[in-house]
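Since the structure comes first, as C-alpha cells, the remarks are kept for the end.
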Amino acid sequence: MAEPTIFDLSVAGRTGVTFPEPDVPETALPKGFLREKLQLPEMSELEVVRHFTSISQKNYAIDLGFYPLGSCTMKYNPKINEVVSRLPGFAATHPLQPIDTVQGNLFLMYSLQEMLKEIAGFAAVTLQPAAGAQGELVGTLIIHKYHQERGDHQRTRMLIPDSAHGTNPASSAMLGFEVVPLPSDERGNVDIAALKELCDDRLAGLMFTNPNTLGLFDENVCEVVDIVHKAGGLVYGDGANMNALLGVFRPGDVGIDILHFNLHKTFSTPHGGGGPGSGPVAVQQHLVDYLPDPIVGIIDEGDEETAPLYGFIHPEKSIGRIKSFYGHFGMHIRAYTYIAMLGQEGLRDVAEIAVLNANYLQEKLKDTFTLPYDRPCMHEFVLEGYWKDVPDIHALDIAKRLMDYDFHPPTNYFPLIVHEALMIEPTETETKETLDRFVDAMRKIAEEARTNPELLHNAPHNTPVRRADELKAAKDLVLCCYVGDDWPGVQE
Amino acid sequence: MFTPHTKHDVEVMLNSIGVGKIEDLFQEIPEQFRYPDLNLAPRLTEMETAGQLESIAAANATTKDLLSFLGAGAYDHYIPAAVDNLLQRGEFYTAYTPYQPEISQGTLQAIFEFQTLICKLTGMDVSNASHYDGATAAAEAVILAYGNFRNKRKKVLVSRAVNPQYRQVIRTYMQADSSLKIVGDEIETGIAPDMQKFIDQIDHDTALVIVQYPDFFGRIIDYTQLIETAHQFGALVAVAVNPTALGMLTPPGDIGADIAFGEGQPLGIPLSYGGPYLGFFAVKNALLRKLAGRLVGETTDVEGKLAYVLTLTAREQHIRREKASSNICSNQGLMTLAATIYMSLLGKHGLQQVANLCYQKAHYTADQLSGISGFSLVDETTPFFHEFVVKCDEPVEEVLEHLLQHNILGGYNLGHDYPELENHLMLAVTEKISREDIEYLSAVLQEENHG
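Heads up: the sequence lines are chains Y and Z, in that order. Sequence positions in the first sequence follow my numbering and run 13 to 504. Sequence positions in the second sequence follow my numbering and run 12 to 462.
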C-alpha cells in the first residue's frame, strides 16, 4: 500500500504541538503584510510519528544490510557519533557567540584540522566546505586564484581523467575552466604520453582521483605529479577514495597540492539519505593563504598557566567565504570522534581490511563476471555487468535483481569507461560471511541470467515498489503532493 | 575497532586471493611512501572517547546556560521531541542518496513532501530538494539567473540589507567571471538604504535583483514596486525569506518573486554552531528547467503503483558533467527531513503560533529597550518581525561584555559587517524567550546604564 502524504493525512483543526499563549502585551500585526492562507498539514503527533516511521521502513540503509556502493564508502556509522554530536554543549551553541564562550567547539575544529593534515600530509586544512562537490569548488577556486595572482591568465585548461567523478568537470566548468579529458592507459593508469602532450603553458591543473574510480592505485603517481608541476600546473586530489589509504599513504607526501576529504565516506559520518556531507580541503604550504575565510587557528598561544585561545584566522589571499559560518560542525564532531577512536593503528586497519575485503570479492567474482582491469585493487573494483551469451541482460538488471536478495546494488554505469559497469566497494566493516552471501547471490544471478532471464528483467520483485516509470515522471511532471483540490502538476 | 575480522578470517581471505600478507596488496604504492608514521594520539575506547567529547562540550557556554538574543541568520527555536527521535531512525540516516527508487521510497517521499511544504510556505511553484544553506542558495540564485539570460545580462543587484554572509558567498562563487558585476550593496547606507535609489539601478543589463524579507535587520519591507520595476526591465527577482516569518507574512510568491530561497535552520534544526543547516530554494514554473539540485517527482511502477523517483536528472553533474547546471551532488537530505517533520508537527496552527510569539515578544523587547536611556531603536517606523536594531551610546562590545557577565548573549554587533553601524546591536527574540527573560535583559541594561 502506498503511504498517504502528510497532506492526505491532514484534517483541519489538528496540530501536533502547541505553544504557550503570549505572556507579553500584544502589539498590532503589520497591516498589509499578512498572508491570507497557509496550506500546511494539520496532524496529531502520533499521526506524524506513524507516517514517518512507516515511510522509513521503505528505505534500505546500512543499518539493515550490505551496501556495496562503489565510490560511496557505505561503512558503518558508529552510534557514539550520534550521541556526542547531540550533546547540548555542542548542539546548543550559536555560531556568533563570542569565541571565549565556544572554546570547546574551536578546540575540536582545530584538532580535526590537525588530524586531517597529519593523515594526508598537508600544511593546512579548511573545514568549511559542505560536501565533496563544494570541496572541489574550493580547490578549483584556489587553482584559479593562484594562477591569476601570478599573472598566468592564460592557464585556463583543467585536465580531468576519463574515469573521474562527474563533479570534477562540473566544478571546473563553474569557474570557466576548459575541461580537457585525459585518457587512461590499458592498465587503468593516467596515460602518461597523453598527459605530456597536454601539458603546456595553458595548463591550470589536473584533477586526479587516486585510487581512481576503477579502484586502482595509479602506479605512476609520482611521475604524474612531476609532469604537471614542471608544466606550471597544480594537482588537485579528489579524496573520495581516501578510505584505501588511511595510514598507508599520504597524498601530500608525493606533492599533490590540494586534496578534499569526504567525511561522510572515509570518516564515518552518516550519508543521511543524501546529505549533509562535509568536504574539508587540505593544501600544501604554498596555498595556505588562499584558503576560505575564516579558518580556525590558535590566536593566543597561552603559557604554562593559561590554555591557548582558539579563534578565527583570515587567510591573506583568501578565495573568500564558501558557506555560512564554519562548515557542517555536527559532522566535524562525528569525524573527530571516529579518528580519536582509531588512532594510527585503527586507521591503518581500516584501509587494510577495506582493501582485503575488496580483493577477496574481486577474486571470488572474476570468474563469473568480466574484470576489465585484472590487477590487485584498492578499496573497490569494477566488473562488467554484461555477458556476451545473454546480450539482453544489462548491468541494471543485475543491480535490480540484487535487491531481491536483500542487498543494495553496486554503483552501475559508472565509471563511464567500463562497459555496463558494476562498481563494488564492500568497506572494512563487513564480515566475511556477508561477503560470501553476496558472492553467492551474484553467482546465482549469473545463473538466472541464463536459465530465467525474465527474473532479472522484471526485478526487483519483493521491494516496496518495483521498477518505476522514470520517463513518465519526467514527462508528466508532478513535483508536489495533492493539496485539497489543487492539481499539483507542472504547467510550463 | 569497527572491523569484524578474526585472524582466521584474514588468513582464509588472503589464501583465497593468493597473497601471503595484507601488505602485499599495497605493492603498487611507491615503497618509500608506504606506511608513514602518523603523529596522532593513541586510540581510545568508546567509553574514553565519550568522556573526552563530554569534557570538550563542557568547555562551551551554550544557549541553554545563557539567555540568548543572538540571531543574524541562525535562530534558537523550540524543536519538538519527535523531530530528532524520528531522525535517529537508522533507515533514514544511514541510507544513501535515493538513486535506487525501489528501496528508497522513504527518503523520496519525504523529499517530495518537503518540496510541497516549501512551495506552500513560499507561494512558489517548484522547490528543489535543497541546497547546503541559505548562503549557497543565494549563490545558486545568481548562477540560475545568469544562465537564464545565457550570460548576456552582466549585472546582479543585491541589497545591502541582505545577510552579509550571503553576499560574501555569492562573490566567492562568481569571482572567476570578471565580466559579471555584483552591485547595489557597496555604499555605506547603514540600516536605511534608499529604496528608490536601489530601484533606479535596475536596467536592461540586470539579470537578478536580490532582496531579503524580513531583511537582515528584521524589517518587513514592501517590495511590490521593486518587483514590478525589475519585471519591466525583464530582470528576475530573488527574495531571501525567513521561513518562520512566513507563518505570518505574505509569501514572496504572492508578490511576484521569481525565486524564493532562504536558510531552513529555523525549521527544526539545532543551532549546532552553524551547521549542518539547509538552504531551501523554490521558483516559478517558468524557471523549472533552470533549477539546480535534485528534484523528486511522482510516477508509477510497473504494477501501476504510486512511486517517487528523482527526476529531470539530465540537468545534473553525474549525467551532464561539465555541462551540468551546477556541480551540486548531495542535498541536505537529513536536514530536509528534519524540516519536513517539524512543519508536519507544527502544521498550520503551530507555525502561525510560533510566528506570532516571535513577533509579540520581539516587540515587547524593543518596547522595553527603547525606554532605557543610552539605547534607542534605530528604525521606529518600519514594521519588523522578530529582530531589530538598537543604537548604544556606549561601545557595543562593552554592553555585550556586561550582559555576558549576567549570563546574557546580548545579540549581534553589526559593526562586524557594517562599518557605518558601529555601536549598533541587533537582537533576535524567539518563542523560547519569556516575559521574565525580557524584563531581566531590560533590568541588566538599566544597571549597565547607571552602573
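Ideal placement from N, C-alpha and C gives every residue a C-beta, glycine not left out.
Assigned secondary structure, residue i (DSSP; H/G/I helix, E/B strand, else coil)
i                      : result
residue 169 of chain Y : strand
residue 142 of chain Z : strand
residue 194 of chain Z : strand
residue 75 of chain Z  : coil
residue 180 of chain Y : helix
residue 300 of chain Y : helix
residue 333 of chain Y : coil
residue 111 of chain Z : coil
residue 140 of chain Y : coil
residue 312 of chain Y : strand
residue 488 of chain Y : coil
Counted within 10 angstroms of its Cβ, other Cβ atoms place residue i as buried (16 or more) or exposed
i                      : result
residue 96 of chain Z  : exposed
residue 348 of chain Z : buried
residue 474 of chain Y : exposed
residue 46 of chain Y  : exposed
residue 330 of chain Y : buried
residue 157 of chain Y : buried
residue 286 of chain Z : buried
residue 313 of chain Z : exposed
residue 268 of chain Z : buried
residue 79 of chain Z  : buried
Residue i at chain Z interface by Cβ criterion, 7 Å
i                      : result
residue 92 of chain Y  : yes
residue 371 of chain Y : yes
residue 319 of chain Y : no
residue 234 of chain Y : yes
residue 282 of chain Y : yes
residue 211 of chain Y : no
residue 51 of chain Y  : yes
residue 154 of chain Y : no
residue 117 of chain Y : yes
residue 375 of chain Y : yes
C-beta neighbour in chain Y for residue i, strict 7 Å
i                      : result
residue 19 of chain Z  : no
residue 44 of chain Z  : yes
residue 224 of chain Z : no
residue 311 of chain Z : yes
residue 57 of chain Z  : yes
residue 456 of chain Z : no
residue 135 of chain Z : no
residue 144 of chain Z : yes
residue 439 of chain Z : no
residue 430 of chain Z : no
residue 452 of chain Z : no
residue 385 of chain Z : no
residue 255 of chain Z : no
Interface residues of chain Z facing residue i [CB-CB closer than 8 Å]
i                      : result
residue 495 of chain Y : 127 and 131
residue 420 of chain Y : 107, 111 and 114
residue 79 of chain Y  : 107
residue 479 of chain Y : 113, 312 and 313
Contacts that residue i makes with chain Z (C-beta to C-beta distance below 9 Å)
i                      : result
residue 132 of chain Y : Ordered by position in chain Z, no residue passes the 9 Å Cβ test against residue 132 of chain Y, which lies about 10 Å from the chain.
residue 26 of chain Y  : 358 and 360
For residue j and residue i, believed in contact at Cβ under 8 Å, the rounded distance
i                      : j                      : result
residue 432 of chain Z : residue 231 of chain Z : With 8 Å as the limit, residue 432 of chain Z and residue 231 of chain Z do not qualify as a contact, their Cβ atoms being about 19 Å apart.
residue 323 of chain Y : residue 71 of chain Z  : Actually they do not touch by this definition, with Cβ atoms about 14 Å apart.
residue 137 of chain Z : residue 296 of chain Z : 6 Å
residue 44 of chain Z  : residue 29 of chain Y  : That belief does not hold up - the Cβ atoms of residue 44 of chain Z and residue 29 of chain Y are roughly 56 Å apart, past 8 Å.
residue 61 of chain Z  : residue 355 of chain Y : No, residue 61 of chain Z and residue 355 of chain Y are not in contact; Cβ-Cβ is about 16 Å, not under 8 Å.
Per-residue contacts from residue i into chain Z (C-beta, under 7 Å)
i                      : result
residue 333 of chain Y : 176, 179, 180 and 183
residue 340 of chain Y : 286 and 287
residue 278 of chain Y : Here the premise fails: no neighbours, minimum Cβ distance about 13 Å.
residue 295 of chain Y : Those within 7 Å of residue 295 of chain Y in chain Z number zero; the least Cβ separation is about 16 Å.
Listed by chain order, chain Y residues near residue i by CB distance under 8 Å
i                      : result
residue 365 of chain Z : 31
residue 322 of chain Z : 482, 485, 486, 489 and 491
Within chain Y, partners of residue i - CB distance below 7 Å
i                      : result
residue 72 of chain Z  : 113
residue 54 of chain Z  : 353, 354, 355, 357 and 358
residue 343 of chain Z : 287 and 288
Closer than 9 Å at the beta carbon, the chain Y residues around residue i
i                     : result
residue 87 of chain Z : 104 and 106
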